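Novice: Here it is: the structure, laid out below.
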Amino acid sequence: MFQKDLLQARRALITGGGTGLGKGTARRFLELGATVYICGRREKVLAETEKELRQISRNIHSIPCDVRDAAAVEKMVETIWNDGPLDILVNNAAGNFLARTEELSLRAFEAVIGIVLMGTLHVTLACGRRWLKIGHRAVVLNVTTTYTTSGSAYVVPSAVSKAGVEALTRSLAVEWGNRGIRMNAIAPGPIPTEGAFSRLLPRPELEKHALQRNPLGRFGTPAEFANLAAFLVSDGAGYINGEVVVMDGGEWLQGAGEFTSLGRMLTEEEWASMKPRKPSGD
Ligand code: COA
Numbered sequence: 040m041f042q043k044d045l046l047q048a049r050r051a052l053i054t055g056g057g058t059g060l061g062k063g064t065a066r067r068f069l070e071l072g073a074t075v076y077i078c079g080r081r082e083k084v085l086a087e088t089e090k091e092l093r094q095i096s097r098n099i100h101s102i103p104c105d106v107r108d109a110a111a112v113e114k115m116v117e118t119i120w121n122d123g124p125l126d127i128l129v130n131n132a133a134g135n136f137l138a139r140t141e142e143l144s145l146r147a148f149e150a151v152i153g154i155v156l157m158g159t160l161h162v163t164l165a166c167g168r169r170w171l172k173i174g175h176r177a178v179v180l181n182v183t184t185t186y187t188t189s190g191s192a193y194v195v196p197s198a199v200s201k202a203g204v205e206a207l208t209r210s211l212a213v214e215w216g217n218r219g220i221r222m223n224a225i226a227p228g229p230i231p232t233e234g235a236f237s238r239l240l241p242r243p244e245l246e247k248h249a250l251q252r253n254p255l256g257r258f259g260t261p262a263e264f265a266n267l268a269a270f271l272v273s274d275g276a277g278y279i280n281g282e283v284v285v286m287d288g289g290e291w292l293q294g295a296g297e298f299t300s301l302g303r304m305l306t307e308e309e310w311a312s313m314k315p316r317k318p319s320g321d
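Quick note, the sequence shown lines up with residues 40 to 321 if you use the working numbering.
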């Protein structure tokens, strides 16, 4: 799909890169020639992922860091900058779980908002200030979700955080665009990863229901996400700025269309009865 050297000599940081979509994206970026830094909270998981991805390229590095901690983020970015400036930032680290909002503690809100919204802000600012200072061209890719405009029951901390990340994406795309920094987001639909599915689909049989909600009748794959990410951070997408690209097989559109579910419940006889009657010829 891409030239093998698409991201040659590019230096990328992927937050939450030890697992799931972040790991899949790290793999793809390495295949396309980039030097990739992954960060995450769990040192052991990161080390294992680094070891695995080293089989693709030696240009993989891991740094333990909790993106909620602004000082720790500053330290990590400074460490990376000692080897040279980054060119690409993927804000992928996230946290989410299903819960009835009235039962959530303040710390539960803070945990998700801290990772998703504040974490994205911490890393974006730490990199952005450095880029602007030296006039370095760069690209940021944020990961949001399909329920940012509609909101969603039972995932309120995530919904408010991801909506904020989309506002950040569009705002900084304009504020920093004329200084060489592009910023976009991907809004993925359901993609099976251990982190997301264990928290968001508590019973395996609920998968069937989730599949029925999707026009394509299947989930997305980490490889499909990584291909879109690679395109958006590449020069081929150089004029795309401030965009949120939905990648969900058409799932949210199916949910939004007023007549979609009704139409699927009609029988052949009912469809036939709604056709215009042929003139009788009298
Ligand atoms: N329902 C209600 N409250 C929950 C919860 C749940 N499922 N999971 C955690 N919380 C609450 C905790 O009770 C705690 O609040 P309290 O101190 O008032 O009891 C607060 O959230 C922090 O929990 P803790 O486990 O200390 O936070 P953490 O930093 O270890 O975990 C999470 C962060 C909660 C976001 C966790 O789900 C996580 O690590 N997620 C990362 C991976 C992920 O979510 N991936 C999917 C992305 S789509």
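Ideal placement from N, C-alpha and C gives every residue a C-beta, glycine not left out. Source: prediction; values computed, not measured.
(1) For ligand 1, any of its heavy atoms closer than 8 Å to the Cβ of isoleucine 154?
(2) Taking Cβ positions, are methionine 88 and phenylalanine 264 nearer each other than 9 Å?
(3) Please look up how many angstroms separate the CB atoms of methionine 222 and leucine 211, rounded, as I've assumed it's under 8 Å.
(4) Quick one: which unbroken beta strand (DSSP E) runs of 3-plus residues sit fully inside the region 121-188? Chain order, please.
(5) Mark tyrosine 76 as exposed unless 16 or more other C-beta atoms lie within 10 angstroms of its C-beta, in which case mark it buried.
(6) Between arginine 81 and valine 272, is the Cβ-Cβ spacing less than 9 Å?
(7) When the distance is taken between beta carbons, is phenylalanine 68 closer than 9 Å to alanine 51?
(8) From which residue to which residue does the beta strand (DSSP E) around alanine 212 run?
(9) What are the start and end residues of the alpha helix (DSSP H) that includes glycine 294?
(10) Let's test the definition: count the other Cβ atoms within 10 Å of the Cβ of histidine 248 and tell me whether it reaches 16, buried, or not, exposed.
(11) Between the Cα of proline 216 and the Cα atoms of Glu246, Gly281, Ala109, which residue gives the shortest distance?
(12) Measure the Cβ-Cβ separation of leucine 137 and tyrosine 193 and say whether it is below 9 Å.
(13) Could you name the residues, in chain order, whose CB is less than 5 Å away from a heavy atom belonging to ligand 1?
(14) In this structure, does DSSP put threonine 232 in helix, strand or coil?
(15) Using 8 Å as the cut-off, can you tell me whether the region 91-98 makes contact with the region 147-158, which would need three or more C-beta pairs spanning the two stretches below that distance?
Specialist: Put simply:
(1) Yes, the beta carbon of isoleucine 154 sits closer than 8 Å to at least one heavy atom of ligand 1.
(2) Sequence inspection shows threonine at residue 88; the methionine mentioned does not correspond to that position. No, Cβ-Cβ distance for threonine 88 and phenylalanine 264 is not below 9 Å.
(3) That pair is a contact at about 5 Å.
(4) 127-130, 177-182, all fully within the region 121-188.
(5) Buried, since its Cβ has 16 or more Cβ neighbours within 10 Å.
(6) With respect to the 9 Å criterion, arginine 81 and valine 272 are not classified as neighbours on the basis of their beta carbons.
(7) Yes, they are a contact pair.
(8) In the DSSP assignment, alanine 212 falls outside any beta strand (DSSP E) and lies within the alpha helix (DSSP H) extending over 195-214.
(9) Element bounds for glycine 294: 290-295.
(10) With fewer than 16 other CB atoms across the displayed protein chains lying within 10 angstroms of its CB, histidine 248 is exposed.
(11) A quick correction: the sequence has glycine, not proline, at residue 216. The shortest Cα separation from glycine 216 among Glu246, Gly281, Ala109 belongs to Gly281.
(12) Yes, the pair counts as a contact, with Cβ atoms nearer than the cut-off.
(13) After applying the 5 Å Cβ criterion, the set is Ala133, Gly134, Asn135, Phe136, Ala138, Ser144, Arg146, Ala147, Ala150, Gly234, Ala235.
(14) When secondary structure is reduced to three states using DSSP, threonine 232 falls in the coil class, being assigned neither helix nor strand.
(15) Result no; under three Cβ-Cβ pairs closer than 8 Å.
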